[in-house]
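For what it's worth, my numbering labels the leading residue of the sequence shown as 4, then goes sequentially. Using N, Cα and C, we set each Cβ at its ideal position, and we do this for glycine too.
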Amino acid sequence: MLFENTREFAKKMDARDPLASYRSEFQFPKVNDKEVIYFTGNSLGLLPKAAKKYVDDVMKDWGEMAVEGHFYAEKPWWDYHERFSKPLSKIVGALPSEVTVMNTLTVNLHMLMVSFYNPTPQRFKIICEEKAFPSDQYMLQTQVKFHGLDPKDAIVEVKRREGEHNLRNEDIIAKINEVGDLLALVLIGGINYYTGQVLDMKAITEAGHKVGAYVGWDLAHAAGNIELSLHEWNADFAAWCSYKYMNAGPGSVSGCFIHEKHHNNKEMKRFGGWYGHNKQRRFLMEPEYDPNEGALGWQSSCTGVLAMAPYLASVEMFDAIGMKAISEKRDLITAYLEFVIKEIATEIGGNFEVITPENKKERGSQLSVLLHGEGRKLFDYLMKEGVIVDWREPAVIRMAPVPLYTRYEDMYEFGQILKKGILSLQ
Ligand SMILES: Cc1ncc(COP(=O)(O)O)c(C=O)c1O
Ligand SMILES: Nc1ccccc1C(=O)C[C@H](N)C(=O)O
C-alpha cells in the first residue's frame with residue numbers, strides 16, 4: 004500500500020479500519036488534558052473498560068457471598084482459571100488442554116524448568132539468546148546453580164554477528180547442532196524484548212528436537228501480538244505474561260503451554276499443589292498427588308481471581324476479534340509508523356535507525372528505534388508532549404502501535420511532535 008504522511012490520509016485509513024470501534028473500549032491516560040498517544044502496549048497494555056466490571060463482579064460476590072463464592076459466584080472461583088483454556092488456546096495456537104493460567108511469567112518458567120530441565124553429566128547445556136530480558140537470564144542462572152552446575156559451563160548464548168542488531172535464525176540452528184548431544188534445552192524469547200525481532204520458532208523447535216533437546220519459548224512479547232501455532236510447531240512448553248499485549252493489568256497472571264505429548268508422561272517431574280490435583284477429587288483432601296489431565300496438572304496454588312478477572316475480560320475481546328484480524332491491522336499500522344518515522348528523518352535529517360527487522364514475518368507490532376544523536380532529551384520531549392514510548396539503554400526508544408487502540412492519526416500526530424522535538428533540540 005502507498006502511504007502518505009498527511010492527516011487526511013491517516014483519517015481515511017482510520018475510517019476504513021474494521022477494528023476502529025475497539026478504541027473506545029479502553030481508558031487512555033491524559034497528559035496536558037489530552038489523551039496520550041500510547042505506544043507502550045508492549046510493556047503494559049491499556050485498561051479495557053470491561054475489566055472493571057469483571058473485577059467489580061468478583062468484589063461484589065466476595066462481599067455478598069464470602070467463602071460461598073468459591074462454588075456459587077456467578078463465575079465460581081474454584082475453576083475460574085478454566086474459563087481461559089478455550090479462548091487462550093486460540094490466541095497461542097494450541098489445544099485447550101495445553102494451556103492454563105497461573106502464577107507470573109518468571110515463576111512459570113521456573114515451574115516448567117522442573118519438568119523440562121533435568122541435566123545429566125551427558126546432557127546439561129541450555130541455549131538461550133544473548134541479552135535476553137534480564138529476568139530470563141537470572142532464571143536460567145539460578146536454575147543451573149540449583150542443579151549444582153556452573154552457568155559458564157551450562158549456558159550457551161547465541162550472539163549477534165559483529166555490527167548486526169538482530170540474531171540470525173541460522174546461527175541459532177548452527178549453535179544447536181554444534182552443542183548437539185550435550186544440549187538439554189533451548190529456551191529463547193519468541194520475540195526479543197529489545198529489538199522486537201520475531202524468531203523462526205518452527206525451525207528452531209525442529210532443530211532442537213533433532214538433537215534430542217526440549218524447546219521452550221518465552222512469549223512475553225509474542226502472545227496477543229503475533230499469530231502463534233505452538234501445537235503445530237511442536238514446542239514442548241511456553242509461558243507468557245498477560246499484561247502487555249493482552250491488557251490484563253500490572254502483574255496479572257501468566258499463561259503457559261505444555262504440549263499434549265507430555266501430558267501423560269508419568270516420569271516427568273513437576274511441583275505439585277492442590278490446584279494441580281485431580282479436579283473431581285480436589286476437595287477430598289487426599290494424601291497422594293494425582294495431577295489433573297493436561298496443562299491443568301501443572302497448576303499448584305489456587306490462582307488470584309482478582310488478577311484473573313481483567314485477563315478474562317481481555318481474552319474474551321481477543322476471542323471475539325481473532326488473531327487474524329489483529330495481525331492484519333498490526334502489519335499495516337506498524338508499517339505506517341515506520342513510514343512516518345522515515346519520512347520525518349528524511350525531511351529534517353534526523354539521525355535514527357529502526358533496528359527491528361524489516362521483513363513482516365520477523366516483526367510484530369514493536370519498532371525499536373536507535374537514536375544515534377538525539378538521545379534521552381528527545382525521549383523526555385516526547386513524554387512531555389503526551390507520546391508514551393519507552394527508553395532502553397543505551398539509546399533505544401521502543402514503540403508499539405496496538406491494533407486494538409492505535410489510530411493512524413495518532414501516528415501522523417506523533418510524526419509532527421517528533422519533528423518539532425528534533426528541530427527544537429538542534
Ligand atoms: C521477555 C520477558 N521475560 C520475563 C519478563 C518478566 O515477567 P514477570 O515479571 O511477569 O515474571 C518480562 C517482562 O517483564 C519479559 O518481557
Ligand atoms: N513488569 C514490569 C514491572 C515494572 C516495569 C516494567 C515491567 C515490564 O513488564 C517490562 C517489560 N518486560 C518490557 O519489556 O517492557
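Is residue i close to ligand 1? I mean its beta-carbon at under 6 Å from any heavy atom of the ligand.
{"i": "residue 108", "result": "yes"}
{"i": "residue 244", "result": "yes"}
{"i": "residue 368", "result": "no"}
{"i": "residue 238", "result": "no"}
{"i": "residue 241", "result": "no"}
{"i": "residue 223", "result": "yes"}
{"i": "residue 199", "result": "no"}
{"i": "residue 413", "result": "no"}
{"i": "residue 260", "result": "no"}
{"i": "residue 139", "result": "yes"}
{"i": "residue 307", "result": "no"}
{"i": "residue 192", "result": "yes"}
Taking the continuous beta strand (DSSP E) assigned at residue i, which residues delimit it?
{"i": "residue 401", "result": "399 to 402"}
{"i": "residue 240", "result": "240 to 244"}
{"i": "residue 256", "result": "Premise fails: residue 256 is in no beta strand (DSSP E) and is neither H nor E."}
Any beta carbon of chain D sitting closer than 7 Å to that of residue i?
{"i": "residue 156", "result": "Going by chain labels, chain D is absent from the structure shown, which holds only one protein chain."}
Below 8 Å on the Cβ atoms is my guess for residue i versus residue j; work out the distance and round it to an integer in Å.
{"i": "residue 409", "j": "residue 358", "result": "Not a contact, Cβ separation roughly 21 Å."}
{"i": "residue 129", "j": "residue 120", "result": "7 Å"}
{"i": "residue 18", "j": "residue 414", "result": "Not quite, the Cβ-Cβ distance comes to about 15 Å (not below 8 Å), so this is no contact."}
{"i": "residue 219", "j": "residue 266", "result": "At roughly 16 Å, the Cβ-Cβ gap does not stay under 8 Å, so residue 219 and residue 266 are not in contact."}
{"i": "residue 328", "j": "residue 21", "result": "7 Å"}
{"i": "residue 72", "j": "residue 60", "result": "About 10 Å; that fails the 8 Å criterion."}
{"i": "residue 392", "j": "residue 42", "result": "5 Å"}
{"i": "residue 217", "j": "residue 239", "result": "4 Å"}
{"i": "residue 246", "j": "residue 254", "result": "7 Å"}
Any heavy atom of ligand 2 closer than 6 Å to the Cβ of residue i?
{"i": "residue 88", "result": "no"}
{"i": "residue 330", "result": "no"}
{"i": "residue 196", "result": "yes"}
{"i": "residue 46", "result": "yes"}
Just reading off the alpha helix (DSSP H) that residue i is part of, what are its end residues?
{"i": "residue 411", "result": "411 to 428"}
{"i": "residue 236", "result": "233 to 236"}
{"i": "residue 39", "result": "Segment: none, residue 39 is in no alpha helix (DSSP H) and carries neither H nor E."}
{"i": "residue 182", "result": "172 to 182"}
{"i": "residue 12", "result": "10 to 19"}
{"i": "residue 155", "result": "154 to 157"}
Between the options, which lies nearest to residue i when the distance is taken from Cα to Cα?
{"i": "residue 117", "options": "275, 398, 412 and 285", "result": "275"}
{"i": "residue 260", "options": "96, 26 and 27", "result": "96"}
{"i": "residue 159", "options": "186, 138 and 250", "result": "186"}
{"i": "residue 197", "options": "225, 177 and 56", "result": "225"}
{"i": "residue 411", "options": "342, 393, 363 and 84", "result": "342"}
{"i": "residue 331", "options": "109, 216, 90 and 228", "result": "228"}
{"i": "residue 310", "options": "90, 49, 105 and 69", "result": "105"}
{"i": "residue 152", "options": "138, 176 and 127", "result": "127"}
{"i": "residue 389", "options": "405, 178 and 40", "result": "40"}
{"i": "residue 423", "options": "362, 350, 356 and 396", "result": "350"}
{"i": "residue 205", "options": "162, 8 and 364", "result": "364"}
{"i": "residue 404", "options": "375, 385 and 338", "result": "338"}
{"i": "residue 211", "options": "355, 162, 15 and 179", "result": "179"}
{"i": "residue 221", "options": "213, 76, 143 and 215", "result": "143"}
{"i": "residue 278", "options": "52, 84 and 33", "result": "84"}
{"i": "residue 36", "options": "209, 165, 132 and 387", "result": "387"}
{"i": "residue 429", "options": "353, 109 and 169", "result": "353"}
{"i": "residue 384", "options": "421, 367 and 233", "result": "421"}
{"i": "residue 369", "options": "111, 47, 6 and 81", "result": "47"}
Unbroken stretches of the alpha helix (DSSP H), 4 residues or longer, contained in the region 321 to 395: 326 to 351 and 379 to 387
Within the region 65 to 137, note down every full alpha helix (DSSP H) run reaching 4 residues or more, in order along the chain. 72 to 75, 88 to 95 and 108 to 119
Continuous alpha helix (DSSP H) assignments of at least 4 residues falling wholly in the region 193 to 230: 204 to 213
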